[in-house]
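Here the structure is laid out as C-alpha cells; the discussion comes afterwards.
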Amino acid sequence: MNQSLNIKENNEDRKEQIAGHLLVECLIEQGVKHVFGVPGESYLAVLDGFHAYKDDIDFVICRQEGGAAFMAEAAGKLTQRPGVCMVTRGPGATNASIGVHAAFQDSTPMVLFVGDVGSDFRNREAFQELDYSSFFGPSTGGMAKRVERIDDPARIPEYVARAFATAMNGRPGPVVVVLPEDMLTKTVHTRPMPRLEAVQAWSDPGALRTLREMLLASTKPFVIAGGGGWTTQAAQALERFSENWHLPVGNAFRFQDTFDNHHPNYAGEVGIGLNPKLAKRIKESDLIIAIGPRLGEMTTQGYTLLKAPKADQKLVHFHASPEELNRVYIADLAILSTMNAAARSLEVLTAPVQVPWEEWTRSANADFLANQVPPAPSPEALIDMPSIIETVNQLLPKDAVLTNGAGNFASWVHRYHRHHGISKGHKTQLAPTLGSMGYGVPAGIAANITTGRTAFTIAGDGDFLMNGQELATAVQHGGKTIIVLLNNGMYGTIRMHQEREYPWNESGSKLVNPDFVAYAKAFGYEGVRVHKTEEFEPAFKAALARANGTLIEIILDPEIITTRASMSQIRDAALKAQRS
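Here my numbering is used: the first residue of the sequence shown is 2, the next is one more, and so on.
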C-alpha cells in the first residue's frame with residue numbers, strides 16, 4: 002500500500018480536533034521546541050494549542066514582533082533548522098518583517114506564521130488586512146523564499162512540511178505562512194507529516210577535477226568561507242581541505258566562526274574594517290575559492306576586492322542555490338552544492354606532496370596575528386577597548402555565543418575576538434549581515450533560552466534601545482545574557498560618516514539617553530556602570546557568576562569610534578582632503 006493511502010487510513014482513525022491544535026502538533030513533529038512571538042486574537046486557536054502541548058513546545062512571549070523575529074532567526078542560525086515566529090496580522094507582520102529580511106540576507110532557515118483576517122472578510126481592507134504575497138513575496142522582489150496561505154485546515158500538515166522543506170533546502174531562508182482566523186477554528190482529523198531533513202546537493206565530480214587542475218596551476222590561492230548551512234562536520238572537513246592543500250582561509254563578513262580563528266591557516270575576517278594587508282592579499286590572489294558566501298557588498302568591499310561582474314582573479318564559487326551562482330559574479334567554475342557536501346568532497350581532493358604557496362599561507366596568518374595587536378592606548382583614555390575585549394576572550398567559555406547588532410561598536414569584537422569555530426561543535430557568532438540595528442539583544446536571549454549556553458552581547462546605546470524591551474522576555478522565560486553596552490551618546494556610525502563627508506556638521510546623530518543601569522534593573526537584570534578599563538574585569542567576572550542577566554554600561558569617549566582611527570583623525574583627514 003502506498004504512503005498516501007496509509008496517511009488516509011491513519012487520518013480516518015484520527016480523533017477530531019481544531020486546526021490550531023493540529024498546527025502545533027505539526028511543529029512538534031518537525032522538532033520545534035520554541036516558538037517566538039507576540040500573541041494576537043487572529044490565532045487564538047494556535048495559542049490554545051500551545052497550552053494543550055505545553056510539555057512539548059514552549060511559546061516564548063516577546064514584547065515586540067521585531068524582537069520575536071530576530072529570536073527566531075537566531076534559533077535558525079544555531080540549529081540549521083527553521084526558527085519559528087508567530088505573529089498577528091498587519092502591524093504584527095510588518096514589525097516582524099525585519100527578522101524575515103535578516104533571515105533572507107543571512108541565508109537562515111525560518112518560518113513566520115501570520116494570523117490573518119477571516120476568509121469571509123478577505124479583500125475588503127478589513128481591520129489590519131494586508132496582502133502578504135505582495136509585501137513578502139519573492140515575485141515582487143521581496144524578502145521571503147515563499148509565501149503561502151492555508152485555506153483548507155486538512156492541508157495544514159502539507160503546508161507546514163513544505164514550509165520547512167523550502168526554508169532548509171537550497172539556499173536556506175525564510176518562508177511566510179498565512180493563517181486565516183476562521184480556518185484555525187475548524188475541526189479536522191488529519192495527522193502531521195513526518196519530520197523532514199534538508200536535502201544534500203553534492204558537488205559534480207567533473208567540476209572537482211577541474212578545481213584540482215586550477216589549484217595545481219595556481220601560485221596564490223585564497224579561500225573565503227561563510228554563508229548559511231555549515232554544520233560541525235562541514236567545518237571540520239573544511240579544515241582538513243585547508244590543511245591538505247596548505248590553503249589560507251578567510252571568513253566572510255559576520256561568518257567569523259566558519260573557520261577556527263586559532264588555526265595556523267586562518268587569514269582573518271573578510272568584512273567591514275578589513276585588514277589592509279588582507280585586502281591587498283585577496284586582490285593579488287590568482288584563485289579565489291568561495292565556499293558558501295554570496296560574495297555580497299560587505300565581503301567584497303563594495304565589489305572592489307573582486308570586481309563585478311567578472312573578477313580579475315579566477316573564481317570558483319560553491320553555493321547551495323542555482324539562482325545565486327553567476328548572478329552577481331560570473332565564476333570561472335560554479336559548483337552547486339550544500340556546504341556539508343562541498344566540504345566533504347573537498348577534503349578528499351587529492352593534494353600534491355608539496356605546493357608552492359606554503360609561505361603565502363604562513364604570511365597570511367602572520368598578517369592576521371599582527372592585526373590582533375592593538376595600537377598603544379592614548380594616555381588620556383579612560384577606556385581601552387582592546388583590553389576589554391581581551392578580558393572577554395580570556396573569561397568567556399569557549400562555547401559561548403557572541404551576538405551583536407549593527408554599529409561601530411561591533412568592530413571591537415570583530416577585530417579582536419577569536420572564535421574557536423563551528424568545527425569545535427558549536428556555532429558561536431550571531432550577527433546580521435544585513436546590518437540591522439537591534440539584533441544583538443534578542444539574538445542573545447534566544448541563544449541562551451534555546452541552548453543554555455552563555456550568551457554575550459555587545460551593543461551600542463542606539464542599537465540597544467531598538468529592542469531593549471526584550472529583557473522582559475529573558476526574565477520571564479528564565480534567560481540570562483551578559484550585555485556590554487558602549488554608551489557614547491550618539492549614533493556612532495552615522496556620526497563617523499558625517500565627519501568624513503561633512504566635517505563638524507553634526508545633524509541627527511546625537512542621543513540623550515536614559516539611565517541604562519536603572520533601566521536594566523527595572524527588568525530584573527543587574528546593572529553596572531564602568532568608567533575605567535580596570536573596573537571591567539571584576540564586573541564581568543561577577544556577571545558570569547550571577548544567576549540572572551547583567552548589563553554592563555561602559556561610558557565611552559566619542560573620540561573612540563573605530564579600531565583604526567579616532568573621530569578627530571577621521572575629521573582631520575576629511576578636512577585635509579577638502580583643502581586639497
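Virtual Cβ for every residue (Gly too), placed ideally from N, Cα, C.
Discussion item. Please return the same chain residues whose Cβ sits closer than 7 Å to the Cβ of residue 514, not counting the five positions on each side in sequence.
Written reply: 462, 488 and 490
Worksheet entry | beta strand (DSSP E) runs contained entirely in the segment 470–556, provided each spans 3 or more residues | 483–488, 527–531 and 551–556
Worksheet item: Is it buried or exposed for residue 26, if we count other Cβ within 10 angstroms and need 16 for buried?
Response: buried
Worksheet item: If we ignore side chains and look at the alpha-carbon of each, how far apart do residue 10 and residue 191 end up?
Response: Reliability of the predicted coordinates at residue 10 is poor, the pLDDT of 47 falling under 50, and no value is obtained from them.
Worksheet entry | Proximity winner among 158, 121 and 104, relative to residue 143 (alpha-carbon distances) | 104
Fill in: For residue 250: DSSP bridge partner residues
224 and 267
Discussion item. For residue 80, tell me which candidate among 52, 198 and 19 has the shortest Cα-Cα distance.
Written reply: 198
Worksheet item: Quick one: Cα of residue 358 to Cα of residue 223, how far?
Response: 10 Å
Worksheet item: In terms of alpha-carbon separation, which member of 22, 414, 101 and 427 lies closest to residue 189?
Response: 22
Worksheet item: Given that a residue counts as buried once 16 or more other Cβ atoms are within 10 Å of its Cβ, and exposed if not, what is residue 355?
Response: exposed
Item to complete: Taking the CB atoms as reference points, tell me whether residue 66 and residue 96 lie closer together than 8 Å.
Response: yes
Worksheet item: What is the DSSP secondary structure of residue 462, reduced to helix, strand or coil?
Response: helix
Fill in: Close Cβ partners of residue 133 (< 7 Å) along its chain, the five nearest in sequence each way excluded
94, 115, 148, 177 and 179
Worksheet item: Where are the alpha helix (DSSP H) runs, 4 residues long or more, that stay fully inside the segment 336–372, in chain order?
Response: 340–348 and 359–372
Worksheet item: Among 295, 259, 313 and 225, which has the Cα closest to the Cα of residue 271?
Response: 225
Item to complete: Take the Cβ of residue 341 as the centre, count every other Cβ of all protein chains shown within 10 Å, and call the residue buried at 16 or more, exposed below.
Response: buried
Worksheet item: So residue 147 is in the beta strand (DSSP E); what residue range does that whole segment cover?
Response: 147–150
Discussion item. Along the chain, where does the alpha helix (DSSP H) containing residue 77 start, and where does it finish?
Written reply: 66–80
Fill in: Helix, strand or coil at residue 315 [DSSP, three-state]
strand
Worksheet item: Under the three-state reduction of DSSP, which class applies to residue 375: helix, strand or coil?
Response: coil
Item to complete: Kindly confirm or deny that the segment 46–64 and the segment 474–483 touch, where touching means at least three C-beta pairs closer than 8 Å.
Response: yes
Worksheet entry | Per-residue burial, residue 52 [other beta carbons within 10 Å of its own, 16 or more giving buried] | exposed
Practice prompt. Mark residue 120 as exposed unless 16 or more other C-beta atoms lie within 10 angstroms of its C-beta, in which case mark it buried.
Written response: exposed
Fill in: Straight-line gap, residue 522 to residue 529 (C-alpha atoms, nearest Å)
9 Å
Worksheet item: Considering only C-alpha positions, which residue in the set 449, 47, 476 and 38 is nearest to residue 184?
Response: 47
Worksheet entry | Helix, strand or coil at residue 59 [DSSP, three-state] | strand
Fill in: Strand pairing of residue 405, partner residues [DSSP]
459
Worksheet item: Among the residues of its own chain, which have a CB less than 8 Å from the CB of residue 3, if the five just before and after it don't count?
Response: Because the pLDDT at residue 3 is just 41, under 50, the model does not fix this residue reliably, and the value given afterwards should be weighed accordingly. Answer for residue 3: no residue qualifies.
Item to complete: For residue 458, count neighbouring Cβ atoms within 10 angstroms of its own Cβ and tell me buried if that reaches 16, exposed if not.
Response: buried
Fill in: Distance between residue 469 and residue 439 (C-alpha atoms, nearest Å)
8 Å
Worksheet item: Under 8 Å between the Cβ atoms of residue 228 and residue 256?
Response: yes
Item to complete: Return helix, strand or coil for residue 18, following the three-state DSSP convention.
Response: strand
Worksheet entry | Buried or exposed (CB count within 10 angstroms, at least 16 for buried), residue 330 | buried
Discussion item. Strictly by DSSP, which residues pair up with residue 27?
Written reply: Residue 27 pairs with nothing; no bridge assigned.
Worksheet entry | Inter-stretch contact (C-beta, 8 Å, three-pair minimum) for the segment 367–386 and the segment 427–437 | no
Worksheet entry | N- and C-terminal bounds of the beta strand (DSSP E) containing residue 290 | 288–292
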